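**Q**
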Amino acid sequence: MQSNPAQATLINPKRSGLSRKTKDRMVIILFLFPALVIFLLFVIYPIFRSVYYSTFDWKGLGEATKNIGFENYRKILIDTVFQKSVVNVVIIIVLSLVLQLPAAIILSTMVARDLPGRALFRTIFFLPYVLSEVNAAIMWMLLYNPDPERGFINGILVAMGLNTVNWLADMNIVLFAVFIVLTWKYFGFHMLLYLTGLQNIPTEIEEAARMDGANSFQNFWYITLPLLSGTIKTSVQMSVLGSIQQFILVWVMTKGGPVNASEVMATYMYRFGFVRFQFGYGSAVAIIMFLVCVIFSLLYRKLTNKPDYLTGL
Amino acid sequence: MTKKLSLLISVVIIAALLLAACGTPAATEAPVATEAPAAATEAPAATEAAAEPVTITWWHITTKDPGLTEFQKMADDYMAMHPNVTIELTILENEAFKTKLTTVMQSGEVPDIFQSWGQGGMIEQVNAGLLKDISADLEGEWGDSLGALDAFAVDGKNYGVPWDMGAVTFWYNKDLFEQAGVEVPTTWSEFLTVCETLKAAGITPISVGEGDKWPGMHIWAYLVSRIGGAEAFSAAAASGDARTGSFEDEAFVQAGYELKKLVDGGYFQEGFLGATHDDMNAAFGNGKAAMELGGQWSPSVQAANSADTLGVKNLGMFNFPAVEGGAGLMTDLVGGGNGFAIGKDAEPEAIDFVKYLTNLDNQKIVASTGMGIPVAKGASESISDPNMVMVADAVANSTYYQLYFDQVLPSAMGSIINDAVQKIFAGTATPEEVCAEIEAGFLAQ
Chain W
1 MQSNPAQATL
11 INPKRSGLSR
21 KTKDRMVIIL
31 FLFPALVIFL
41 LFVIYPIFRS
51 VYYSTFDWKG
61 LGEATKNIGF
71 ENYRKILIDT
81 VFQKSVVNVV
91 IIIVLSLVLQ
101 LPAAIILSTM
111 VARDLPGRAL
121 FRTIFFLPYV
131 LSEVNAAIMW
141 MLLYNPDPER
151 GFINGILVAM
161 GLNTVNWLAD
171 MNIVLFAVFI
181 VLTWKYFGFH
191 MLLYLTGLQN
201 IPTEIEEAAR
211 MDGANSFQNF
221 WYITLPLLSG
231 TIKTSVQMSV
241 LGSIQQFILV
251 WVMTKGGPVN
261 ASEVMATYMY
271 RFGFVRFQFG
281 YGSAVAIIMF
291 LVCVIFSLLY
301 RKLTNKPDYL
311 TGL
Chain X
314 MTKKLSLLIS
324 VVIIAALLLA
334 ACGTPAATEA
344 PVATEAPAAA
354 TEAPAATEAA
364 AEPVTITWWH
374 ITTKDPGLTE
384 FQKMADDYMA
394 MHPNVTIELT
404 ILENEAFKTK
414 LTTVMQSGEV
424 PDIFQSWGQG
434 GMIEQVNAGL
444 LKDISADLEG
454 EWGDSLGALD
464 AFAVDGKNYG
474 VPWDMGAVTF
484 WYNKDLFEQA
494 GVEVPTTWSE
504 FLTVCETLKA
514 AGITPISVGE
524 GDKWPGMHIW
534 AYLVSRIGGA
544 EAFSAAAASG
554 DARTGSFEDE
564 AFVQAGYELK
574 KLVDGGYFQE
584 GFLGATHDDM
594 NAAFGNGKAA
604 MELGGQWSPS
614 VQAANSADTL
624 GVKNLGMFNF
634 PAVEGGAGLM
644 TDLVGGGNGF
654 AIGKDAEPEA
664 IDFVKYLTNL
674 DNQKIVASTG
684 MGIPVAKGAS
694 ESISDPNMVM
704 VADAVANSTY
714 YQLYFDQVLP
724 SAMGSIINDA
734 VQKIFAGTAT
744 PEEVCAEIEA
754 GFLAQ
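Here the protein sequences line up with chains W and X, keeping their order.
Read left to right, the first sequence gives residues 1 to 313 (the numbering used here).
Read left to right, the second sequence gives residues 314 to 758 (the numbering used here).
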């Protein structure tokens, strides 16, 4: 760190008593304190409270008294519906990584170039992310409506001479119908991440490559992509965590149904916590989700520990 | 110097924040205490010298007019008649009410009067010692004037009173019935024939919102009560030694098979498994389906969700048909409504106020404004909406009144039954498996 003159004038060496460093630290602690209290009270404390409640058979009325140890966890892990929800989450994660993120990268490289109307397309692609999740879910429910006179998508299918599809009512299709909405909703966010990443890549490198005779694809594959690796890391992590925690879109559109066909871990948790008021069981599901997220993040950080080309971090 | 000052300010702010965070419920009670004496001084000392100032807390969920205004007016009128009484209203939206009530109940603070649907949830509140037994107050004139009191009684003791009681019935589109040349069915086999005829005529027989699960559950619930009579359900839903039946009894399984006939026959609208309650009413309201099973709220929801209200124009209603050989009658009803539960610390004035709320005059207001279907005898004559008159008549002529299955049972059971019955609609489980799942869920409670 280099000290600038403005900073230097603030330092008063004649002050006696505590050293400069200690004083700074005190001020830092003092200013961090309110945020820390709120963080402890509304984030850390509830987590520990959930751990505590997860060992009870508790309906939320009165004090929790019936401690059953790890019985809730045992029941959750052997519940076929929970297993189904985990499988569904894994499917969503895999599809996101294979389809959603590559699409976001490709689109971001396109709108980063000097294409005519790129600002317009950038806005259009990012628009779904700005919409509230409930709005998006209800909009897609209207689009998916099985009645071709009311549902836009089925209306088009019929106009093309095809059969209608029961997007949200067919147990074999519903998860993919939900995934389409997830992709539509979130790829804009990832595109924005990549756009920022692309801006950090010096144009000189690409220009140099082009001088050496690299075509667009080679340029993208050997230069852009490797230099984007830091952004890709972040994007993958956010995508996976987001998929694990996905709730609103699924709950509004399908409530995890029909018959658990689109169940995800968060809807499973909500069903037991707030529909059946089995708070102990619901807390245990929440703790399992929390552990999955934490373990994934730690492992992922370990695995992707290689330094970034650009920042060296 | 300025540094010290800012340090001091920071400390003060932090201390204030901490104090605010640790505020106890006792602190929030304080204003109530100061308000009460104020009311007392306003009381005319000459006429009601002995009357102690009393504050009644009342929570209701009627957030929209006409009910919002009418309830406020009833409270104001009562306060005008009883100057020593202060009524504090808390008006909450349905879901917010449930959450807030659960929270205050954990701390043992219960409102004096609050919204209740009776039975299931009420039983849990009674077991937690949060409600007041008002059986003695209901004896005589007051109790005699009201119907459907049982819905708010636990083990023969009353903990609340209803003010609005409707019923689930079949609503049908008269035009579509005429078009297909079918009559209103009175038996289950006639009903199946009607469905088949409608389908052959290219009309969707029944609209159901099985994505929300509960609309379809009511079809199964009705079949259970038609096949097994009132006995089947009460024997299975009882607890302890009183429990003489189970959810795996013949009536429950057979109901599943009868429901399966509707699914296998293809009598529901396209995509019913993913349809919401609104979708179901939109299909009916747009004249795309001939029948739907729904409560007293159905006509208004149908109208609200339809583009052209074609299906609501010529609306008819009939009771769920009787199943041949079944113990239940066609006049047995499944339904539910709203009531007032009485909190454990309620003063006699609170009970007197509820008595006032449910008197004939105020019940007539409920009827004439369309707030609901009144339970006081003689009040239903004031109902103006013809559709509500049909429901009120069905309730008045009912031979047995079965509260919604998911209301009678502990709160988790509603979700367990809904989830299980959906499997019959989806064809992913046999009726036996579905009943076994419900039974297992019940035993785990």
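All C-beta atoms in this analysis are idealised placements derived from N, C-alpha and C, irrespective of residue type, glycine included.
Note that this is a predicted model, so its numbers are computed, not measured.
Where Asn67 of chain W and Asp79 of chain W are concerned, what is the direct C-alpha to C-alpha distance, given to the nearest angstrom?
**A** Counted from its first residue, the first sequence places residue 67 of chain W at position 67. Counted from its first residue, the first sequence places residue 79 of chain W at position 79. Annotation: Asn67 of chain W to Asp79 of chain W spans about 20 angstroms, alpha carbon to alpha carbon.
**Q** Exposed or buried, what is Glu523 of chain X when buried is set at 16 or more other beta-carbons lying within 10 Å of its beta-carbon?
**A** As a first step, residue 523 of chain X is located in the second sequence; it is residue number 210 there, counting from the start. Label assigned to Glu523 of chain X: buried.
**Q** Using the Cα positions of Ile655 of chain X and Gly473 of chain X, report the straight-line distance between them to the nearest angstrom.
**A** The count along the second sequence starts at 1 and reaches residue 655 of chain X at position 342. The count along the second sequence starts at 1 and reaches residue 473 of chain X at position 160. Near 6 angstroms, if we compare the C-alpha coordinates of Gly473 of chain X and Ile655 of chain X.
**Q** What residues match up with Met604 of chain X in a beta bridge as DSSP calls it?
**A** The residue you call residue 604 of chain X lines up with position 291 of the second sequence. Looking at the DSSP assignment, Met604 of chain X forms a beta bridge with X:Tyr485 and X:Ile519.
**Q** Can you look up His531 of chain X in the DSSP assignment and give me helix, strand or coil?
**A** Sequence index remark: in the second sequence, residue 531 of chain X carries index 218 (1-based). Here His531 of chain X sits in helix by DSSP.
**Q** So for Ser239 of chain W, helix, strand or coil by DSSP?
**A** What you label residue 239 of chain W is simply residue 239 of the first sequence in a count that begins at 1. In this structure, Ser239 of chain W counts as helix in the three-state DSSP scheme.
**Q** Is Gly257 of chain W close to chain X? Criterion is C-beta to C-beta, closer than 8 angstroms.
**A** Here residue 257 of chain W refers to the residue found at position 257 of the first sequence. Chain X, which has a Cβ nearer than 8 angstroms to the Cβ of Gly257 of chain W, makes this yes.
**Q** Would you call the region 464–473 of chain X and the region 423–441 of chain X touching, i.e. three or more CB-CB distances under 8 angstroms?
**A** Of all C-beta pairs linking the region 464–473 of chain X to the region 423–441 of chain X, three or more are shorter than 8 angstroms, placing the two stretches in contact.
**Q** Would you tell me roughly how many angstroms separate the C-alpha atoms of Ala707 of chain X and Gln735 of chain X, rounded to the nearest one?
**A** In the second sequence, residue 707 of chain X corresponds to position 394, counting from 1. In the second sequence, residue 735 of chain X corresponds to position 422, counting from 1. In a straight line, the C-alpha of Ala707 of chain X is about 28 angstroms away from that of Gln735 of chain X.
**Q** Distance cutoff 8 angstroms, beta carbons only. Does Glu583 of chain X sit that close to anything in chain W?
**A** Here residue 583 of chain X refers to the residue found at position 270 when the second sequence is read from its first residue. It does; some Cβ of chain W falls within 8 angstroms.
**Q** Comparing the C-beta of Gln100 of chain W with each C-beta of chain X, is any distance below 8 angstroms?
**A** Residue numbering aside, residue 100 of chain W sits at position 100 when the first sequence is read from its first letter. It does not; no Cβ of chain X falls within 8 angstroms.
**Q** Counting only the same chain and skipping the five closest in sequence on each side, list residues whose C-beta sits under 7 angstroms from that of Gly587 of chain X.
**A** On the second sequence, residue 587 of chain X is found 274 positions in, with the first residue counted as 1. Closer than 7 angstroms at Cβ, skipping near neighbours: Gly524.
**Q** List the residues of chain W whose Cβ lies closer than 8 angstroms to the Cβ of Gln735 of chain X, in chain order.
**A** Against the second sequence, residue 735 of chain X aligns to sequence position 422. What Gln735 of chain X touches in chain W: Gly257, Pro258 and Val259.
**Q** Please report the Cβ distance between Val174 of chain W and Leu168 of chain W, rounded to the nearest whole angstrom; I am assuming they are in contact, meaning their Cβ atoms lie under 8 angstroms.
**A** Here residue 174 of chain W refers to the residue found at position 174 of the first sequence. Here residue 168 of chain W refers to the residue found at position 168 of the first sequence. About 6 angstroms; that satisfies the 8 angstroms criterion.
**Q** For chain X, is any of its Cβ atoms less than 8 angstroms away from the one on Leu238 of chain W?
**A** Taking the first residue of the first sequence as 1, we reach residue 238 of chain W at position 238. First, the residue type needs correcting, since residue 238 of chain W is Met and not Leu in the sequence shown. Chain X, which has no Cβ nearer than 8 angstroms to the Cβ of Met238 of chain W, makes this no.
**Q** What alpha helix (DSSP H) runs, 4 residues minimum, are completely inside the region 561–593 of chain X?
**A** 563–578
**Q** By the three-class DSSP mapping on this structure, what secondary structure does Lys470 of chain X have?
**A** Sequence index remark: in the second sequence, residue 470 of chain X carries index 157 (1-based). Of the three classes helix, strand and coil, the one that applies to Lys470 of chain X here is strand, per DSSP.
**Q** Once the 5 residues before and after Ile664 of chain X are set aside, which same chain residues still bring their CB inside 7 angstroms of it?
**A** In the second sequence, residue 664 of chain X corresponds to position 351, counting from 1. So the list reads Ile447, Asp450 and Ile655, once near-sequence residues are dropped.
**Q** Whole angstroms are fine: how far does the CA of Leu505 of chain X sit from the CA of Leu575 of chain X?
**A** By one-based count along the second sequence, residue 575 of chain X stands at place 262. By one-based count along the second sequence, residue 505 of chain X stands at place 192. Roughly 8 angstroms between the two C-alpha positions.
**Q** With distance defined between alpha-carbon atoms, name the residue in W:Gly117, W:Ser243, W:Phe121 and W:Asp24 nearest to Phe296 of chain W.
**A** Taking the first sequence and counting its residues from 1, one reaches residue 296 of chain W at position 296. The option with the nearest alpha carbon to Phe296 of chain W is W:Ser243.
**Q** If you measure from the beta carbon of Glu746 of chain X to each beta carbon in chain W, is any gap under 8 angstroms?
**A** As a working note, residue 746 of chain X is residue 433 in the second sequence. For Glu746 of chain X, the nearest beta carbon of chain W is not closer than 8 angstroms to its own beta carbon.
**Q** Using only the alpha-carbon positions, how far apart do Asn710 of chain X and Tyr717 of chain X sit?
**A** Position 397 of the second sequence holds residue 710 of chain X. Position 404 of the second sequence holds residue 717 of chain X. If you draw a straight line from the Cα of Asn710 of chain X to the Cα of Tyr717 of chain X, it is about 18 angstroms long.
**Q** For Ala545 of chain X, which of X:Ala640, X:Asp390 and X:Phe427 has the nearest alpha-carbon?
**A** Stepping through the second sequence from its first residue, residue 545 of chain X is reached at position 232. The residue with the shortest Cα to Cα distance from Ala545 of chain X is X:Ala640.
**Q** Would you give the residue range spanned by the alpha helix (DSSP H) that Val87 of chain W belongs to?
**A** The sequence position of residue 87 of chain W within the first sequence is 87, counting from 1. Per DSSP, Val87 of chain W belongs to the alpha helix (DSSP H) from Thr80 to Leu95.
**Q** Note the first and the last residue of the continuous alpha helix (DSSP H) segment covering Thr415 of chain X.
**A** Within the second sequence, the letter at position 102 stands for residue 415 of chain X. Segment Asn407 to Gln419, the alpha helix (DSSP H) holding Thr415 of chain X.
**Q** Can you list, in chain order, the residues of its chain whose CB lies under 6 angstroms from that of Lys487 of chain X, leaving out five sequence neighbours each side?
**A** Stepping through the second sequence from its first residue, residue 487 of chain X is reached at position 174. Excluding sequence neighbours, Lys487 of chain X sits near Asn627 and Gly629.
**Q** Closer than 9 angstroms by beta-carbon distance: list the chain W residues that pair up with Ser724 of chain X, in chain order.
**A** Working through the second sequence from its first residue, we reach residue 724 of chain X at position 411. Ordered by position in chain W, the residues that pass the 9 angstroms Cβ test against Ser724 of chain X are Lys59, Val275, Arg276 and Phe277.
**Q** Here's the rule I'm using: 16 or more other beta-carbon atoms within 10 Å means buried, otherwise exposed. How should Ala362 of chain X be labelled?
**A** As a position in the second sequence, residue 362 of chain X is number 49, starting the count at 1. Low confidence applies here, because Ala362 of chain X scores a pLDDT of 48, under 50, leaving its location unreliable and the question unanswered by this model.
**Q** Report back the beta-carbon spacing between Ile678 of chain X and Met478 of chain X to the nearest angstrom; my notes put them in contact at under 8 angstroms.
**A** Along the second sequence, one-based indexing puts residue 678 of chain X at 365. Along the second sequence, one-based indexing puts residue 478 of chain X at 165. Between Ile678 of chain X and Met478 of chain X, the beta carbon gap of about 16 angstroms keeps them out of contact (Cβ cut-off 8 angstroms).
**Q** Closest Cβ-Cβ distance between Lys377 of chain X and chain W: below 8 angstroms?
**A** Position 64 of the second sequence, counting from 1, holds the residue named residue 377 of chain X. Lys377 of chain X does not count as touching chain W.
**Q** For Arg539 of chain X, count the other beta carbons within 10 Å of its own beta carbon; 16 or more makes it buried, fewer makes it exposed. Which is it?
**A** Position 226 of the second sequence, counted from the first residue, corresponds to residue 539 of chain X. Arg539 of chain X comes out buried.
**Q** Beta strand (DSSP E) containing Ile426 of chain X: first to last residue?
**A** The residue given as residue 426 of chain X occupies position 113 in the second sequence. Here the beta strand (DSSP E) through Ile426 of chain X covers Ile426 to Ser429.
**Q** For chain X, check one thing: does any of its Cβ atoms lie closer than 8 angstroms to the Cβ of Arg271 of chain W?
**A** Indexing the first sequence from 1 puts residue 271 of chain W at position 271. Judged by the 8 angstroms Cβ criterion, Arg271 of chain W is in contact with chain X.
**Q** Go ahead and pull the three-state DSSP assignment for Val398 of chain X.
**A** Translated into the one-based positions of the second sequence, residue 398 of chain X becomes position 85. Per DSSP, reduced to three states, the secondary structure at Val398 of chain X is strand.
**Q** Short of 9 angstroms Cβ to Cβ, which residues in the region 568–595 of chain X face chain W?
**A** Gln582, Glu583, Gly584, Phe585, Leu586, Gly587, Ala588, Thr589, Asp592 and Ala595
**Q** Give the range of the alpha helix (DSSP H) segment to which Gln615 of chain X is assigned.
**A** For this step, residue 615 of chain X is matched to residue 302 along the second sequence. For Gln615 of chain X, the enclosing alpha helix (DSSP H) has its first and last residue at Ser611 to Asn618.
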